[in-house]
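Taking my numbering, the leading residue of the sequence shown gets 295, the next gets one more, and so forth. Worksheet: the structure to be examined is printed underneath.
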Amino acid sequence: VCAMASAKLNTLLQTKVIENQDEACYILGKLEHVLSQSIKEQTEIYSFLIPLVRTLVSKIYELLFMNLHL
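Structure (structure tokens):
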């Protein structure tokens, strides 16, 4: 179930146009919360979330000026 859901969400993230910093931060924050929860509870769900975070960060890298901070 997680594999199918994360694949669909990854497709949505790849095609969605993220236009402002508020939207980018909201989505990143929600993913971070689920990822942190998964790691804390020692579940395997985090392995499905890593590609989503990677996709999102690659899309919002310039929007959030990450090149200045990383």
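From the three backbone atoms N, C-alpha and C, an ideal C-beta is built for every residue, glycine too.
**Study point:** Pair within 8 Å by beta-carbon distance, Q315 and L362
**Key:** Taking the first residue of the sequence shown as 1, we reach residue 315 at position 21. Taking the first residue of the sequence shown as 1, we reach residue 362 at position 68. The answer is no: Cβ separation not under 8 Å.
Check your understanding: Are the stretch 312-327 and the stretch 335-342 touching, with three or more C-beta to C-beta distances below 8 Å?
Key -> no
Review point. Looking at the unbroken alpha helix (DSSP H) that takes in Y320, where does it start and where does it end?
Key: Numbered from 1 along the sequence shown, position 26 holds the residue referred to as residue 320. Looking at the DSSP string, the run of the alpha helix (DSSP H) that includes Y320 is Q315 to K334.
Check your understanding: So, using beta-carbon positions, are L329 and Y340 closer together than 8 Å?
Key -> Reading the sequence shown from its first residue, position 35 is the one you call residue 329. Reading the sequence shown from its first residue, position 46 is the one you call residue 340. A contact, by the Cβ cut-off of 8 Å.
Point to revise | Assumed close pair A318, I354 - CB separation to whole angstroms, cut-off 8 Å | key: Numbered from 1 along the sequence shown, position 24 holds the residue referred to as residue 318. Numbered from 1 along the sequence shown, position 60 holds the residue referred to as residue 354. Contact flag correct, Cβ pair sits at about 4 Å.
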